[in-house]
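Novice: Numbering (the numbering used here), first residue to last: 386 to 627. By construction, the Cβ of each residue, glycine as well, lies at the ideal position given by its N, Cα and C atoms. Take this structure, written in structure tokens, and hold onto it; I'll ask about it next.
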Ligand SMILES: [Zn+2]
Ligand SMILES: [Zn+2]
């Protein structure tokens with residue numbers, strides 16, 4: 386399995402270690418994986434994506450692809466800014482969003498590609514078919530030598546549906562190494578948060594990086610499991626051995 390994976394949190398709802406960045410409700414991750422540069426979600430507006438990337442020295446002009454996990458504006462809001470820094474970029478948009486996100490992407494000089502089924506972008510790097518939340522949501526999945534690494538925007542469909550899709554593709558005994566992103570639990574009842582954390586623990590995950598809409602309660606519960614919780618916010622980087 387080639388190389389290492391480095392994730393930089395460009396936009397998040399949580400503060401990170403730096404104080405000079407915009408912290409806004411939304412998510413955007415810059416992922417360096419196996420010599421590819423991938424943008425996963427864009428955050429809510431051009432200004433935050435562009436200015437945070439500049440301050441962090443992130444080369445958005447060298448991206449190989451952008452993926453929008455789902456249509457919520459806190460994830461899909463910066464198509465104008467992206468088109469400006471990275472014209473003609475292959476931009477994977479959620480199922481059934483061609484009439485709006487696709488049109489906006491095209492107008493801004495990007496190359497929108499609608500996600501309809503499993504998509505292998507490059508060896509070891511995949512995007513899931515649409516999984517219904519609502520809305521339709523897609524997950525980036527990277528194969529590592531320790532198992533699958535899953536990236537989520539909000540996990541609106543819930544962990545179970547995502548795992549069953551992963552089993553369809555990678556086999557019943559698929560190993561999931563880690564999960565990075567939103568879990569949409571910040572306003573959920575404690576019982577739901579606990580149930581989700583138990584599920585993740587029973588899957589044998591080694592690391593979880595709860596971002597965006599995951600909420601404090603989730604981190605509390607996670608800390609009582611054997612999962613390693615990486616506390617990250619805007620501007621932070623996470624290094625993973627591929
Ligand atoms: Zn959402
Ligand atoms: Zn959310």
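1) Do you know whose CA, among 471, 514, 455, 596, lies nearest residue 486's CA?
2) If contact is defined by three or more beta carbon pairs under 8 Å, each pair taking one atom from either stretch, is the segment 416–429 in contact with the segment 390–406?
3) Would you check whether ligand 1 has a heavy atom nearer than 6 Å to the C-beta of residue 410?
4) Below 8 Å on the Cβ atoms is my contact criterion, and I expect residue 441 with residue 620 to pass it. Report the Cβ-Cβ distance as a whole number of Å.
5) Taking the alpha helix (DSSP H) that residue 581 belongs to, which residues open and close that run?
6) So residue 391 and residue 624 are in contact, right, with Cβ under 8 Å, and what is the actual spacing, rounded?
7) Go ahead and pull the three-state DSSP assignment for residue 391.
8) Between the segment 535–542 and the segment 494–508, do three or more beta carbon pairs fall short of 8 Å?
9) Is it right to say residue 488 is buried, meaning 16 or more other beta carbons lie within 10 angstroms of its own, or is it exposed?
10) Which residues are close to ligand 2, meaning CB closer than 5 Å to any heavy atom, in chain order?
11) Note down, in chain order, each residue of its chain lying with its Cβ closer than 7 Å to the Cβ of residue 617, except the 5 sequence neighbours on either side.
12) What is the residue span of the beta strand (DSSP E) that residue 425 lies within?
13) Compute the distance between the beta-carbons of residue 532 and residue 562, then report whether it is under 7 Å.
14) In angstroms, rounded to a whole number, what distance separates the CA positions of residue 529 and residue 388?
15) Run the proximity test for residue 646: is its beta-carbon closer than 6 Å to any non-hydrogen atom belonging to ligand 1?
16) Pull up the DSSP beta-bridge partners for residue 482, would you.
Specialist: So, from the listed chains and residues:
1) 455
2) yes
3) no
4) About 6 Å separates the Cβ atoms of residue 441 and residue 620, confirming a contact at the 8 Å cut-off.
5) 575–587
6) 5 Å
7) In the structure shown, residue 391 sits in a strand (DSSP, three-state: E or B).
8) no
9) exposed
10) 539, 567, 569, 598
11) 394, 401, 594, 596, 623
12) 421–425
13) Yes, the pair counts as a contact, with Cβ atoms nearer than the cut-off.
14) 9 Å
15) No information on residue 646 is available, as it lies outside the stretch 386 to 627 that the chain covers here.
16) DSSP, once it has assigned bridges, lists no residue as partnering residue 482.
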